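Quick note on the UniProt record's numbering: the sequence shown kicks off at 1 and runs consecutively. Built from N, CA and C at the ideal position, the CB exists for glycine as well. Note that the structure is a prediction, hence the values are computed from the model and not measured. Heads up, the thing below is written out as structure tokens.
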Amino acid sequence: MCFYNPLEQFSINDYLLINTPFYNISITNSGFYIIISAILMYGILIISIKKNNIIGDRISILTESIYKSILALVRANIGKENEIYLSLILTLFYFILIINFVGLVPYGFSPTAHFALTLSLSIMLIIGLTIIGFEKYKLSYFSVLLPSGTPLGLVPLLVAIELLSYIARAFSLGIRLGANIKKSHILLNVISSLTLQIISINIIFAILSIIPIVFLVLLMGLEIAVAILQAYVWCVLTSIYIKDSIVLH
């Protein structure tokens, strides 16, 4: 964890430098933590299905609760007949949640604080949903840009507004996640750095530092809540966008 420059914790560094004549395939700290998060996600899901494992049973309770919550979300926003999208939304939830948690580990790195990752996910998601919509409705999918009952004179204006709104989804989804994670990490870094400096002054200030330490603990709890909430919000918005793609108004 960085103590002096709040933005230094977001620096991308090479762990393994591999240059080829055609492409740079070096492993960075961002790529490394994404791989670690994917492995952890896979491991948790594997352990959760082992009923005879005592630890696994405890994890199974948690994973089953998450499954039921995401299932209820899918049924509420997309419909019971479209549960085929449950695996996509559940995978996105676990992936984002675990990456957010990994970023809370001291000296760790949070890939979701970088717009390169969050925007890549959101843009690919919207492109994929657009392809699904065109595959299902063909050219009729363009009706998503025109609310029913629109007066003829307002058609050009509303189509332009709806088109901008549709494109903005790809960016707002990724920016929301990246900005919230980055903001919370910077705040935690600033408070922890300030607390460390107060402690290092003298014994009196060290005693008085109990107050910022308590605040730091509460802030860490808030960070955990933000990590969970942002993963859930991503899934809520994804389910809404899926519904808009497969159910035309």
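Top-ranked residue by Cα proximity to residue i, from the options
i	options	result
His114	Ser30, Lys243 and Ile240	Ser30
Leu248	Pro156, Leu117 and Gly133	Gly133
Tyr67	Ile89, Lys80 and Asn77	Ile89
Phe93	Phe109, Ser239 and Met220	Ser239
Ser172	Ser193, Thr118, Ile12 and Leu146	Thr118
Thr195	His185, Lys183 and Ile213	Ile213
Asn13	Glu83, Phe109, Ser37 and Glu81	Phe109
Ile186	Ile161, Ile201 and Met220	Met220
Ser165	Leu146, Ser37 and Ile59	Leu146
Phe215	Thr130, Ser37, Ala116 and Ile191	Ile191
Ile228	Glu64, Asn180, Leu154 and Leu152	Asn180
Leu45	Ile36, Ile59 and Phe32	Ile59
Ile167	Thr20, Leu152, Ile127 and Ser120	Ile127
Ser37	Thr20, Leu97 and Glu64	Leu97
Tyr15	Lys138, Ile242, Pro151 and Phe32	Phe32
Phe95	Ile84, Leu121 and Ile211	Leu121
Asp244	Lys80, Thr28, Ser26 and Tyr141	Tyr141
Lys183	Gln230, Leu125 and Leu62	Gln230
Sequence-distant residues of the same chain with beta carbon closer than 7 Å to residue i, five excluded per side
i	result
Cys2	Annotation note: pLDDT 44 at Cys2 (below 50); position unreliable, no value reported.
Ser143	Leu248
Ile39	none
Same chain only: Cβ atoms within 8 Å of residue i, ignoring 5 sequence neighbours per side
i	result
Ile123	Ala170, Phe171 and Gly174
Leu86	Ile70, Leu71 and Val74
Ile246	Ile78, Asn82, Ile132, Gly133 and Lys136
Glu162	Val144, Leu145, Leu146 and Pro147
Val159	Leu145 and Leu146
Expected contact under 8 Å - CB spacing of residue i and residue j to nearest Å
i	j	result
Ile34	Pro111	5 Å
Leu129	Tyr241	6 Å
Phe18	Ser26	As written in the sequence, residue 18 is Ile, which differs from the Phe given in the question. Rounded, the Cβ-Cβ distance is 5 Å, consistent with contact.
**Message:** Tell me whether the region 220-234 and the region 170-179 touch, counting them as touching only if at least three CB pairs, one residue from each stretch, are closer than 8 Å.
**Reply:** yes
**Message:** Taking contact to mean 3 or more Cβ pairs, one atom from each stretch, closer than 8 Å, check whether the region 221-228 and the region 101-116 are in contact.
**Reply:** yes
**alpha helix (DSSP H) segments (min. 4 residues) lying fully within the region 139-179** = none
**Request:** Would you list, in sequence order, the uninterrupted beta strand (DSSP E) runs of no fewer than 3 residues that lie entirely inside the region 7-62?
**Result:** 14-16
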